[in-house]
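Chemist: Take 615 as the starting number for the sequence shown in our numbering and just add one per residue.
Just passing along the structure, written as structure tokens.
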Amino acid sequence: MKHRNIHNIIVAAGSGTRFGSGCPKQFQPLAGRPVLMHTIDRMRQALPGSSILLVLGEPHLKLWHMLCDKFGFCSPTIIAGGSTRWQSVKNAIDTIKLSPEEEGIITVHDGARPLIDSALVARIIDGLQLASGSIPATPVTDSLRILENDGSSHPIDRSIIRAVQTPQAFDARKLIKAYSLPYKDSFTDDASVMAAAGYTDIALVDGSLSNIKITMPADIDIAAIYMAHETSTLA
């Protein structure tokens with residue numbers, strides 16, 4: 615089934631300083647190809663026929679084009695990234711023009727999450743039926759404590775905490791309106807931008823433990839294990 619009214623933004627403009635390599639994490643090799651190519655391919659498989667806007671930092675454009683040539687990869691439309699993630703997403707949103715009758719959807723996904731699957735994306739889209747936004751989340755398994763300014767700490771109930779992932783999906787017109795408002799330091803993801811604009815009806819859907827974000831070098835190895843397991847399951 616084609617989803618012509620879904621606009622997907624993949625954000626890959628970060629420098630990946632925490633990865634500790636001269637090459638940003640989204641371009642690191644995973645199962646023979648750059649992480650970002652896996653991310654794009656999986657989004658294409660999950661939502662065939664929908665548009666994809668790829669947000670890249672200007673310093674990485676040459677590298678990306680070189681990698682696309684090397685692997686024979688067809689790049690989505692490229693949007694220039696900003697100095698912050700918020701600005702990068704806004705740059706992409708500003709290029710989306712909805713027709714008067716269009717009831718569009720915008721998804722926003724981290725380029726460094728290469729293991730999304732069609733079932734996860736379907737849950738996120740379905741979550742929009744009764745909400746302005748829909749985001750995947752997983753339970754927290756570690757014990758958690760809050761650190762106070764005086765150095766003391768106290769435990770919190772992890773049963774009421776969820777770890778949020780991407781892709782996140784939103785009513786297109788509402789997200790466009792939310793991103794027209796000024797930036798706030800409290801913005802941590804696109805759902806927080808929506809909440810600041812008054813759209814607090816955000817549905818939580820089941821995320822996936824395999825939908826990891828590549829942040830550290832060890833995450834590449836973990837992602838490779840997940841991919842190998844997927845392959846063996848399908849065999």
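No residue lacks a Cβ here, since even glycine has one placed at the ideal position from N, Cα and C.
When the Cα of A645 is compared with those of D803, M657, I624, L729, which residue comes out closest?
Modeler: Position 31 of the sequence shown holds residue 645. The candidate whose alpha carbon is nearest that of A645 is L729.
Chemist: Touching or not, the region 733–740 and the region 829–838, by the rule of three or more beta carbon pairs under 8 Å?
Modeler: no
Chemist: Is P728 helix, strand or coil when you go by DSSP?
Modeler: Along the sequence shown, one-based indexing puts residue 728 at 114. Three-state result, P728: coil.
Chemist: Measure the beta-carbon distance from W678 to S665 and round it to whole angstroms, keeping in mind my assumption that it falls under 8 Å.
Modeler: Reading the sequence shown from its first residue, position 64 is the one you call residue 678. Reading the sequence shown from its first residue, position 51 is the one you call residue 665. Contact doesn't hold; Cβ gap of about 18 Å is too wide.
Chemist: Roughly how many whole angstroms lie between the Cα atoms of K684 and G821?
Modeler: Within the sequence shown, residue 684 is the residue found at index 70, counting from 1. Within the sequence shown, residue 821 is the residue found at index 207, counting from 1. Going from the Cα of K684 to the Cα of G821 covers about 33 Å.
Chemist: Could you name the residues of the same chain whose beta carbon sits closer than 7 Å to that of A694, not counting the 5 residues immediately before and after it, in chain order?
Modeler: For the purposes of this step, residue 694 is taken as residue 80 along the sequence shown, with counting starting at 1. Hits under 7 Å: E672, N705.
Chemist: Does the beta-carbon of G725 have 16 or more other beta-carbons within 10 angstroms, so that it is buried, or is it exposed?
Modeler: Locating residue 725 in the sequence shown gives position 111, counting from the first residue. By the neighbour-count rule (16 or more Cβ atoms within 10 Å), G725 is buried.
Chemist: Counting along the chain, where does the beta strand (DSSP E) carrying L650 start and finish?
Modeler: What you label residue 650 is simply residue 36 of the sequence shown in a count that begins at 1. Counting along the chain, L650 falls outside any beta strand (DSSP E), though it belongs to the alpha helix (DSSP H) covering 649–660.
Chemist: Report all residues from its chain with a CB closer than 7 Å to the CB of R699; omit the five preceding and five following residues, and keep chain order.
Modeler: Counting from 1 along the sequence shown, the entry for residue 699 is found at position 85. Counting only Cβ-Cβ distances below 7 Å, and skipping sequence neighbours, we find V625.
Chemist: What three-state label does DSSP hand N705 in the structure shown?
Modeler: Along the sequence shown, read from residue 1 onward, the residue named residue 705 stands at position 91. In this structure, DSSP gives N705 a helical state, which the three-state scheme calls helix.
Chemist: How about the region 779–793 and the region 802–816: do they share at least three Cβ pairs that are nearer than 8 Å?
Modeler: The region 779–793 is in contact with the region 802–816.
Chemist: Is DSSP giving M615 helix, strand or coil here?
Modeler: On the sequence shown, residue 615 is found 1 positions in, with the first residue counted as 1. The pLDDT assigned to M615 is 36, lower than 50, so where the model puts this residue is not dependable; a value taken from the coordinates is nonetheless given after this. Coil.
Chemist: What's the gap between the Cα of P831 and the Cα of E715?
Modeler: Position 217 of the sequence shown holds residue 831. Position 101 of the sequence shown holds residue 715. Between P831 and E715, the alpha-carbon positions lie close to 46 Å from each other.
Chemist: Counting pairs of Cβ atoms below 8 Å between the region 752–760 and the region 768–784, do you hit three or more?
Modeler: As far as the Cβ criterion goes, the region 752–760 touches the region 768–784, which means the pair count is three or higher.
Chemist: Could you tell me which of S824, I620, M657 sits nearest to L712, measuring between CA atoms?
Modeler: Position 98 of the sequence shown, counted from the start, is the residue given in the question as residue 712. Closest by alpha carbon: I620.
Chemist: Look at the alpha carbon of T829 and the alpha carbon of G718, and state the distance between them as a whole number of angstroms.
Modeler: Against the sequence shown, residue 829 aligns to sequence position 215. Against the sequence shown, residue 718 aligns to sequence position 104. Looking at the two C-alpha atoms, the distance is approximately 31 Å.
Chemist: Less than 7 Å separating the beta-carbons of L668 and I707?
Modeler: As a working mapping, residue 668 is identified with position 54 in the sequence shown. As a working mapping, residue 707 is identified with position 93 in the sequence shown. No. Outside cutoff.
Chemist: By the DSSP assignment, the beta strand (DSSP E) with A626 in it spans what residues?
Modeler: Locating residue 626 in the sequence shown gives position 12, where the first residue counts as 1. That run of the beta strand (DSSP E) goes 620–626.
Chemist: Which whole-angstrom value describes the C-beta separation of Q782 and D799, a residue pair presumed to lie in contact below a C-beta threshold of 8 Å?
Modeler: Sequence index remark: in the sequence shown, residue 782 carries index 168 (1-based). Sequence index remark: in the sequence shown, residue 799 carries index 185 (1-based). Not confirmed; about 20 Å, so no contact.
Chemist: I need the DSSP call for G765, collapsed to helix, strand or coil.
Modeler: In the sequence shown, the residue the question calls residue 765 occupies position 151. DSSP, read as helix, strand or coil, puts G765 in coil.
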